[in-house]
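Here this note's numbering is used: the first residue of the sequence shown is -9, the next is one more, and so on.
We treat Cβ as the ideally placed atom computed from N, Cα and C, and that holds for glycine.
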Amino acid sequence: MQRSFANPLMKSKAHLVVLAAILLASCSAPAPEHAPVIKADKPFASAGSIEMKLDSGDYSIRASSGENIRVTFAGNIGNAVADLTTNGSHANLEVRDTPHSNFRATVEVPATANLTIHLTAGNLDVGAITGNKDIDSQAGNVTIATPTADDYATVDAAVRIGNLGAGPFGASGSGFSRELKWSGHGKFTLHASLGAGNLELKH
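This is how it looks when you write it as structure tokens:
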């Protein structure tokens, strides 16, 4: 007796094609767009220290008009959570459970604040905020506003793979293991490290 495997094989191929089409459609479907919504807002005095642990996404850190910390989500917010706690001159912010695409957050802080930021991956734009900065990210694009070099005593920036724009602190470069070390006469320190991507210190 001779058996034919043509039909089951064709059915299997057809199922794979349908499955691939479904997966492709789900990947190409646009992520939901949510209007900006405030997720946390607490008073916080100027010149304090703020530590942030941020899941992957696109973040803008900028100076607020007053003495407070405000966190706003937009885009595809999914089930993302902002956990903000304050204790005297120290604050902790954790953003977790972020979606894998089109998640955006804006964090407003006092114009003078010491910032420690740990980003899993994504894009980070830190505005002109006066104070010490310690920033690291595994992958993505990081931009840090440094309007004047005179504010800083030491600057230490490094990118394992990618581009490093030194801005007011010297020459820029690209490739593997880019590193910047700079010293001046200011009073603040800036440390920034990026695994892969673009790190820019801008005027």
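Buried or exposed for residue i, please, with buried defined as at least 16 other CB atoms from any protein chain shown within 10 angstroms of its CB.
| i | result |
| --- | --- |
| Gly56 | exposed |
| His175 | exposed |
| Ala81 | buried |
| Pro100 | buried |
| Ala37 | exposed |
| Arg86 | exposed |
| Ser18 | Its pLDDT being 42, under 50, Ser18 is placed unreliably in this model, and the value from its coordinates should be taken loosely. Looking at its Cβ environment, which holds fewer than 16 other Cβ atoms inside 10 Å, Ser18 is exposed. |
| Ala186 | exposed |
| Ile119 | buried |
| Glu169 | exposed |
| Thr88 | buried |
| Asn69 | exposed |
| Thr136 | buried |
| Asn77 | exposed |
| Ile12 | Reliability of the predicted coordinates at Ile12 is poor, the pLDDT of 36 falling under 50, and the value obtained from them is presented with this limitation in mind. When all chains shown are included, Ile12 counts as exposed. |
| Ile28 | exposed |
| Ala103 | buried |
| Ser2 | Note that Ser2 has pLDDT 39, beneath the 50 cutoff, so the model's placement of it is unreliable and the number below is only indicative. So Ser2 ends up on the exposed side. |
| Ala182 | buried |
Closest by CA to residue i, which one among the options?
| i | options | result |
| --- | --- | --- |
| Phe63 | Thr75, Asp45, Thr133 | Asp45 |
| Ala143 | His24, Ala72, Lys177 | Lys177 |
| Asp31 | Lys171, Arg60, Ile51 | Arg60 |
| Ala148 | Asp124, Asn92, Ser39, Glu98 | Asp124 |
| Glu98 | Glu190, Asn58, Gly152 | Asn58 |
| Glu23 | Ala111, Leu83, Ser91 | Ser91 |
| Asp140 | His193, Thr75, Ala35 | His193 |
| Asn197 | His181, Arg94, Thr106 | Here the chain has residues from -9 to 193 only, and residue 197 is not among them. |
| Asp146 | Ser39, Asp126, Ile40 | Asp126 |
| Thr138 | Pro26, Leu180, Ser39 | Leu180 |
| Lys43 | Glu84, Ala72, Gly160 | Glu84 |
Please list the terminal residues of the continuous beta strand (DSSP E) segment that includes residue i.
| i | result |
| --- | --- |
| Lys192 | 178 to 192 |
| Gly174 | Element bounds for Gly174: n/a, residue is neither H nor E. |
| Glu41 | 39 to 44 |
| Pro58 | Checking the sequence, you will find Asn at residue 58 rather than Pro. From DSSP, the beta strand (DSSP E) with Asn58 extends over 58 to 65. |
| Ala25 | 24 to 33 |
| Ala53 | 47 to 53 |
If you measure from the CB of residue i, is any heavy atom of the ligand NAP nearer than 8 angstroms?
| i | result |
| --- | --- |
| Gly185 | In terms of ligand content, the structure shown is empty, and the ligand NAP therefore cannot be addressed. |
3-residue-minimum beta strand (DSSP E) runs that sit fully inside the segment 70 to 150, ordered along the chain | As far as the segment 70 to 150 is concerned, its whole beta strand (DSSP E) runs of at least 3 residues are 71 to 77, 80 to 86, 93 to 99, 104 to 109, 112 to 116, 123 to 135.
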